[in-house]
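Heads up: the sequence shown begins at 1 in full-length UniProt numbering, then just goes up one per residue.
All C-beta atoms in this analysis are idealised placements derived from N, C-alpha and C, irrespective of residue type, glycine included.
Worksheet: the structure to be examined is printed underneath.
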Amino acid sequence: MVFARKKTRVSLLTQMVLLISIVVLISMGIGTALFSFILDDILDRYIGQQAMTVAKMAAMDDDIIAAFEKEDPSRWIQPLAEMIRTTTGASYVVIGNKEGIRYSHYDPDQIGLPMGTSNDPVFLENRSVIYRGSGISGPAIKAKTPIVNGKGETIGVSSVGFIMSDVEKRVAEYKERVVAFSMLLLIVGIIGAIIIARRVKRLIFGLEPEEISFLFTEKTAILESIRDATVAVDMQGRVVSMNKRARALLQEDLTLGKPISSPQIRDIIHTINRNTQDMNQKILLGHEIFITDYSPILSNNEVRGVVFTFRPESEIEQLTEEITKISSFSDNMRSQNHEYLNRLNTIYGLLKLKEYDKALEMITDEVKERQDILAFLMSSVQEPFIAACLLGKINRSKELKVSLEIDQESHLGNVPAPIDPKILVTILGNVIDNAMEAALAKNCSDAMVHVSFTDLGQDIIFDIEDNGPGVPADMESRIFESGVTTKPGENRGLGLALVKNSLVHLGGHIVIEKSDLGGARFSIVVPKQRE
């Protein structure tokens, strides 16, 4: 399908690059702002602690303490304080006496003048303090601590400050580094966005979002319009999609999002490979046999799943039967015309010879067999589905040249409401078909099948016997498993598995015994009332 793209529309690649770039930029902006806030707080606390450390260093300097006892203390203290200031990087180191008179200052003109901020916490409460304040040097982060002599007396105060302009320079340096690093991350993010966008573009075959949306809608519409039940599964056997036909036909056996329980389907999934062509086989699901076609889902030449289509075998058989009827109609008419022409000629000859009794006997024999069968079924079988099934099997036996006899003592009234007669037909039809095939395989023209049934008591019982080879003793316990069969050929071993599943649904069971005819006898027991 060809898509007409609008030239004015921004492509998916550009959209992804822009989107990722915007996300990266916003994230970096938020990160930078948060980092700046945290940095300001950390620097306040860090510089305050550093100021206190320098103040205590000066307060504990023995030379500074001794200078308080000398004449003109500032002469000795000023060079010591300036050395500490230049060594530690503090903006100023001021030493003052108890009256707050400066003995040192980075501006010598301030020596001898009163200090610019209060020293009450130091002298009145005898404690060290860190704070922001403004003095003659401007706003600063300050620390003050008492100076104590050898007798434990407070003789002065050590005041150290870092002017905010100096602090802000340091903060600005850190922020510049953060911004530079952020710009590098932005460039890396944009390059990464381009690489990711191109990778995504390749993975989606260069399609734009609206094209993907249309393709998904188109795929759903196509899937839903398929007449066959279509199911896609992953390699773990989970159903990932199914059309409405599959939901209607297989909902009890296959559930969207859940693993498939059928061992035959799971075996197909495990054995399928990328070289597997479209295959088909018979599969038993629930109470019905399906013809399934399957093919692998390939991605990068690897099998990522399997697509199955399911068609009920009954539908295929019906179509096949109709086609066969149409194709063989003329042959049947020709053969019947030939057969009846021979009989008419025989009757005409008998009439010419005035053998009227023999002519009448021949006509009576021809009609009597069919009339007897119909009369028996109409009188002994009240359920139309069962009667139709038996009549169909009788006609089928004539085609196969198998002698199919129904016990004249058999009787079956109306089937109780809890029992689905269609399931009974499935069970009975499959067992009779198996019996005819087994008898025919061993005896050819002498093949025989005997059917009897009764509904006396609490159960409906069918007995089907044949003169075939019987069921080997070692297979009696496995003959009802899907795929197990005594007959050669593919797609075998499903009929009796279907019988077993159907009987489980009805609460019945089946027993295999040796037949008086020499083959096998299958006894089907279906309770009239479920417990």
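Annotation: I386 to F453 spans about 11 Å, alpha carbon to alpha carbon. Counting only the Cα atoms, R478 lies some 51 Å from S213. Here the region 96-105 makes no contact with the region 176-183; the two share fewer than three CB pairs at distances below 8 Å.
With respect to H411, V381 sits close: the two C-beta atoms are nearer than 9 Å. Taking every protein chain shown into account, the CB of V504 has fewer than 16 other CB atoms within 10 angstroms, so this residue is exposed. With respect to the 9 Å criterion, R311 and F290 are classified as neighbours on the basis of their beta carbons. Rounded to whole angstroms, I101 and V188 show a C-alpha spacing of 58 Å. Scanning the region 226-265 from its first residue to its last, the whole alpha helix (DSSP H) runs of 4-plus residues come out as 244-250. With contacts defined as CB atoms closer than 9 Å, D463 and F522 qualify as a contacting pair.
Its chain contains M448 as the residues whose beta carbon lies nearer than 6 Å to that of S403, once the 5 sequence neighbours on both sides are disregarded; these appear in chain order. Distances from the CA of M115 to each of V160, M83, K219 and A67 were compared; the closest alpha carbon is that of V160. Counting of Cβ neighbours within 10 angstroms places C444 among the exposed residues, the total staying below 16. Distance check between A229 and each of L285, I268 and R177 places L285 closest, using alpha-carbon atoms only. Within 10 angstroms of the beta-carbon of H450 lie 16 or more other beta-carbons, which makes it buried. By the criterion of at least three beta-carbon pairs nearer than 8 Å, the region 411-430 is not in contact with the region 340-357.
Annotation for M448: no alpha helix (DSSP H) segment contains it, though the beta strand (DSSP E) segment containing it runs M448 to T454. Residue burial is scored here from C-beta neighbours: P146 has at least 16 other C-beta atoms within 10 angstroms and is therefore classed as buried. For G156, the number of other beta carbons within 10 angstroms of its own is at least 16, and it is reported as buried. No residue range can be given for F68, since it is assigned to no alpha helix (DSSP H) and is classified by DSSP as neither H nor E.
By alpha-carbon distance to E399, the top candidate from D365, Q371 and E437 is E437. For the pair A90 and A66, the CB atoms are not nearer than the 9 Å cut-off. According to DSSP, residue pairing for Q281 in a beta bridge involves T292. Fully enclosed beta strand (DSSP E) runs of no fewer than 3 residues occupy 92-97, 129-135, 138-148 and 154-163 of the region 88-166, in order along the chain.
Rounded to whole angstroms, the Cβ separation of V306 and I272 is 6 Å, and the two are in contact under 8 Å. In chain order, R245 place their CB closer than 8 Å to the CB of R227, counting only its own chain and leaving out the 5 sequence neighbours on each side.
Sequence-distant Cβ neighbours of A435 in its own chain, meaning closer than 8 Å and more than five residues away, are V449, I464, E465, D466, G468, G519, A520 and F522. Where D459 is concerned, the enclosing beta strand (DSSP E) starts and stops at D459 to D466. Between G96 and N126, the gap from beta carbon to beta carbon reaches 9 Å or more. Within a 10 Å sphere around the beta-carbon of K422 sit fewer than 16 other beta-carbons, which makes this residue exposed. The Cβ-Cβ distance between S128 and A197 does not fall below 9 Å. Secondary structure note for S403: its beta strand (DSSP E) is the uninterrupted segment S403 to I406.
Excluding the 5 residues flanking it on each side, E313 has same chain C-beta neighbours closer than 7 Å at K282, I289, F290 and I291, in chain order. A520 carries a strand assignment under DSSP once its states are collapsed to helix, strand and coil.
Residue burial is scored here from C-beta neighbours: Q458 has fewer than 16 other C-beta atoms within 10 angstroms and is therefore classed as exposed.
Beta-bridge annotation (DSSP): L412 is paired with V381.
Assigned with DSSP and collapsed to three states, K219 falls in helix.
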